[in-house]
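Protein chains in written order, with my numbering: chain E, 1 to 194; chain L, 1001 to 1194.
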DNA sequence: TTCTAAATATGATGCAGATCATAAAGTGCT
DNA sequence: AGCACTTTATGATCTGCATCATATTTAGAA
């Protein structure tokens, strides 16, 4: 689904500032959110206040469908990472798009499949693998998204929040992986070398 | 999608015996599998041989679409739990069903959303929560599927394989939850009381 | 350039859950 | 009823990562 198409259809664009919360756990879903610009993170927060990053969504992507489609309250927070322009599409309008926009339902199916794939991979890691293995897995996953020679712009804290580890553990782990040449660093940043 | 409808359309039913492996990690996906009868489990296995149960599928359900749809090799094993009758639908036929069967694409979207929901929940648990909390979460999740007064027919080993814990830890955890009356047992089995 | 906050670094200690070992109940089969 | 196999049980020890404390380095703002 092209964002411009939605705007042409008359859907309104809303502005959200960094750190704004779009929805939080327990809320009943009413919209699907299409990102025109900016970035959001979807996180669950434990009783002790520890964040776990369920996903990051950027311009051109949408989020919030699963809870809406199965009609269950949200499990996660969705928080604005960078000032964003977002289109809220109501449940009825969303169902309308699925019915009437050719190819849209297939696009949703593929998007959901991709996310499911990522979560299956991470579940296996969290259930069975040790810190360094987990780290190497997400790092390689993230590296696949950047060009050869470019660096990952994630902090150790973010890696921690994606793997369920602690910053200190991530810092030590990244060091160790680097010394074993399983990953490569340039001025403190992880880079893709091939 | 009704299984009978598939049979009427001429799709062949294959028989699989307990413990047969339908596919394993690394294989390129070619089919979507519809279960006419029986049960399969989808598991990932760590280097040290530890199983993690990604999902269990029963009569009327289908599995194997995500990898096929995003055209990536399987991450998991799918193994027959109980002798089964299964219909293999090729990629082209599957796309055909999505295009032509009214309501089928919506059904897939909902199914994928539900699985995503479960995986998000488990990721949060594995990333942030301690053994007993994890246990209580899947137990309650599983109890929602059975009637009041009925018991869960899962072994401690299966609970371990769903939570990434060890049998001994599950046994101790279940004992502890039971003594705190957070769950209720009848003759060694967890029962739903309300 | 200087100040401040965020990110990275590193050592010391503690603890939940893994691991190992061994036994007691169940459960199904003949 | 007897046997083999699976599941549950329980204690003892070990260990990876969390936790706590305290620097040091880097980045962004004034």
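Even glycine gets a Cβ: it sits at the ideal position worked out from N, Cα and C. Remember, predicted model here, so these are calculated numbers, not experimental data.
For residue 54 of chain E, at least one C-beta of chain L is nearer than 8 Å to its own C-beta. Your pair residue 1113 of chain L and residue 65 of chain E checks out as a contact, with CB atoms roughly 7 Å apart and the cut at 8 Å. Residues of the same chain with a CB within less than 6 Å of the CB of residue 42 of chain E, apart from the 5 flanking positions on each side, are 54, 55, 76, 78 in chain order.
DSSP links residue 41 of chain E through a beta bridge to E:56, E:79. Contacts between residue 1173 of chain L and chain E, judged by CB atoms closer than 9 Å, are missing: the closest CB pair is about 15 Å apart.
Secondary structure of residue 174 of chain E (DSSP, three-state): helix. Residues are counted here when their Cβ sits less than 8 Å from a Cβ of chain L; for the stretch 81-102 of chain E these are 98, given in chain order. Relative to the Cα of residue 1046 of chain L, the nearest Cα in the group E:126, E:22, E:193 belongs to E:126. Residues of the stretch 127-139 of chain E that bring their beta carbon within less than 8 Å of a beta carbon in chain L comprise 127, 128, 129, in sequence order.
Against chain L, the beta carbon of residue 76 of chain E has neighbours under 9 Å at 1120, 1124, listed in chain order.
Taking the Cα of residue 1048 of chain L as reference, the smallest distance to any Cα among E:183, E:160, E:129 is reached at E:129. Per DSSP, the unbroken beta strand (DSSP E) holding residue 1185 of chain L starts and ends at 1184-1186.
Burial check for residue 1148 of chain L: the Cβ neighbour count within 10 Å stays below 16, so the residue is exposed. Residue 120 of chain E is classed as buried because its beta carbon has at least 16 other beta carbons within 10 Å across all chains shown. For residue 1117 of chain L, the enclosing alpha helix (DSSP H) stretches over residues 1104-1128.
With its beta carbon less than 8 Å from one in chain E, residue 1117 of chain L belongs to the interface. Under the DSSP definition of a beta bridge, residue 62 of chain E partners with E:34.
Rounded to the nearest whole angstrom, the CA to CA distance from residue 1173 of chain L to residue 1116 of chain L is 27 Å. Around residue 18 of chain E, the same chain offers 80, 81, 82, 83 as residues with beta carbons nearer than 8 Å, after the five sequence neighbours per side are excluded. In the DSSP annotation of this structure, the continuous segment of the alpha helix (DSSP H) that includes residue 1005 of chain L starts and ends at 1003-1008.
Against chain L, a Cβ distance below 7 Å from residue 114 of chain E picks out 1070.
Residue 39 of chain E is outside the set of residues whose beta carbon lies under 8 Å from a beta carbon in chain L.
The contact set of residue 1044 of chain L on chain E, defined by CB atoms closer than 7 Å, consists of 124 in chain order.
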